Amino acid sequence: METFRRLFTVAVLAGLMAGGFVTLVHQFGTVPVILAAEVFEHGEAAGQATPGVVPHTEKSHTREGHNHDGHSHALGLGRDSGLAPPGHDHGEAAWEPADGWERTLYTALADILTGIGFALLLAAAFVLSGRRIDWRSGLGWGLAGFASITLAPGLGLPPEVPGTAAAALLDRQLWWLATAMLTGGGLALVFLDRRVVASAIGIALIVLPHLIGAPQPVEAISAAPPALAHQFVVAATVSSLLFWLALGGLAGFFYERSFKSA
Amino acid sequence: MQTTSHPTLHPTTAAAVPGARTGAVTAAVMSALLGAFLIWGVGFSHIAVAHNAAHDTRHSNGFPCH
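Protein chains in written order, with our numbering: chain A, 1 to 262; chain D, 1001 to 1066.
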């Protein structure tokens, strides 16, 4: 229990700091692009293109998808179009944070919880690897996290701005999860196991989900212009790289301090 | 306390201290489970309120959304 308590402390410290840091990065990098995309999303949905003015933000797609006086989403992104996931059925009155500081606050909270969650996974991997850990090797672990959690799933399912047609949510989540786990496991086999056959299996595991392919929408439509979508992929990927380097380095630093042999 | 100061015991050391390695593995598994639960709640839960609160984080992290 003492070991777990220490791992938890390491993860909370690293997650708080890396999550707080990436909240700042998101406010400058990804959030402006999300807000810009929402202008297109809602402009199209309401049949009134008013770029430059951010309308009230409706973040649950079902609400804008099929509820503008009964007519369906202009781009067919609504629930009835067959493109949106059938199980995606948020209540009409589901709470959401108001734009401005409240929305930023919840993004910060979610970023920090994500940081702590991934730091707990990293700390577990540190223990199981049996390797010597410090801030520098932590950077390497962070890069492996970036490859497993962002790069590999992002090849099949790139980060998307709101208002992009996509395949059923659960299918995408399962492919994403499988890809992240296979890539992480594959990297562990390549780098933590000395046997050649382990490396070969590891590489096969990393490639496998891309041979199967990610679930794709029937028709690729997006409310936002392609340039904005591309800008978002870059912003999200670079933000994530910074997040993982910070998280890996910090987790390695605190881990080494916490478990330094007496 | 070797259990706490050396969570990453070498196999030889672990053999000398039965249970130490097991304790470290148990702690690692607990840590991983808690981490996975947090990630699921923030990034993957289909509950509308969880989705809306973490909306920008989900998009920014490239988690499948909507």
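Glycine included, every Cβ here is placed at the ideal spot set by N, Cα and C. Note that the coordinates shown come from a computational prediction; the quantities given were computed from them, not determined experimentally.
Within 8 Å of any Cβ in chain A, is that where the Cβ of residue i sits?
i               : result
T1022 (chain D) : no
S1060 (chain D) : yes
G1045 (chain D) : Strictly speaking, residue 1045 (chain D) in this sequence is Ser, with Gly absent from that position. No, no contact with chain A.
Around the C-beta of residue i, are 16 or more other C-beta atoms found within 10 angstroms, so that it is buried, or is it exposed?
i               : result
L13 (chain A)   : buried
I116 (chain A)  : buried
T164 (chain A)  : buried
R1021 (chain D) : buried
E41 (chain A)   : buried
P268 (chain A)  : Outside the shown range of chain A (1 to 262) lies residue 268 (chain A), about which nothing can therefore be said.
E160 (chain A)  : buried
F8 (chain A)    : buried
F253 (chain A)  : buried
L105 (chain A)  : exposed
H1051 (chain D) : buried
L1034 (chain D) : buried
W101 (chain A)  : exposed
V218 (chain A)  : exposed
F28 (chain A)   : exposed
P86 (chain A)   : Model confidence at P86 (chain A) stands at a pLDDT of 41, short of 50, so the residue's coordinates are unreliable; what they give is reported in the following sentence. By the 10 Å Cβ count, P86 (chain A) comes out exposed.
G15 (chain A)   : buried
I34 (chain A)   : buried
R194 (chain A)  : exposed
F1037 (chain D) : exposed
Would residue i pass as an interface residue toward chain D - the criterion being a Cβ-Cβ separation below 8 Å?
i              : result
T30 (chain A)  : yes
E160 (chain A) : yes
A110 (chain A) : yes
F40 (chain A)  : no
R172 (chain A) : yes
S137 (chain A) : no
L250 (chain A) : no
W244 (chain A) : no
S240 (chain A) : yes
W95 (chain A)  : yes
W141 (chain A) : no
A11 (chain A)  : yes
G117 (chain A) : yes
G154 (chain A) : yes
L189 (chain A) : no
W176 (chain A) : yes
V218 (chain A) : no
V127 (chain A) : yes
L120 (chain A) : yes
I34 (chain A)  : yes
H26 (chain A)  : yes
F253 (chain A) : no
L192 (chain A) : no
A123 (chain A) : yes
Go to residue i, then tell me how far its alpha helix (DSSP H) extends in each direction, as first and last residue.
i               : result
R5 (chain A)    : E2 to G29
Q231 (chain A)  : P226 to S258
A1020 (chain D) : A1020 to I1039
A180 (chain A)  : L169 to L192
R131 (chain A)  : Per DSSP, R131 (chain A) belongs to no alpha helix (DSSP H) and is neither H nor E.
W141 (chain A)  : W135 to F146
H210 (chain A)  : V196 to I212
G156 (chain A)  : A152 to G156
T1057 (chain D) : H1055 to S1060
Since residue i and residue j should fall inside the 8 Å C-beta cutoff, what is the C-beta to C-beta distance between them, to a whole number of angstroms?
i               : j               : result
Y255 (chain A)  : F126 (chain A)  : 5 Å
A119 (chain A)  : A37 (chain A)   : Not confirmed; about 30 Å, so no contact.
L169 (chain A)  : H1066 (chain D) : 7 Å
L187 (chain A)  : A144 (chain A)  : 5 Å
Q173 (chain A)  : P1064 (chain D) : 5 Å
L121 (chain A)  : A1032 (chain D) : 6 Å
A223 (chain A)  : A1048 (chain D) : In fact, because the Cβ distance is near 21 Å, the residues do not count as touching under 8 Å.
N1061 (chain D) : S148 (chain A)  : Their Cβ separation, rounded to whole angstroms, is 13 Å, which puts N1061 (chain D) and S148 (chain A) out of contact at 8 Å.
W176 (chain A)  : L157 (chain A)  : 6 Å
L211 (chain A)  : L182 (chain A)  : Contact doesn't hold; Cβ gap of about 11 Å is too wide.
Inter-stretch contact at 8 Å, needing at least 3 Cβ pairs: the segment 227 to 247 of chain A / the segment 9 to 21 of chain A: yes
Given 8 Å as the limit, is there contact between the segment 127 to 134 of chain A and the segment 1043 to 1054 of chain D, that is, 3 or more CB pairs closer than that? no
Does the segment 1 to 10 of chain A touch the segment 228 to 246 of chain A, meaning 3 or more C-beta pairs lie closer than 8 Å? Inter-segment contact for the segment 228 to 246 of chain A and the segment 1 to 10 of chain A is absent: fewer than three beta-carbon pairs are separated by less than 8 Å.
Between the segment 147 to 159 of chain A and the segment 192 to 204 of chain A, can you find at least three pairs of beta-carbon atoms closer than 8 Å? no
Touching by the beta-carbon criterion (3+ pairs, under 8 Å), the segment 107 to 114 of chain A and the segment 1056 to 1063 of chain D: With a cut-off of 8 Å, the segment 1056 to 1063 of chain D and the segment 107 to 114 of chain A count as touching, because enough Cβ pairs lie within range.
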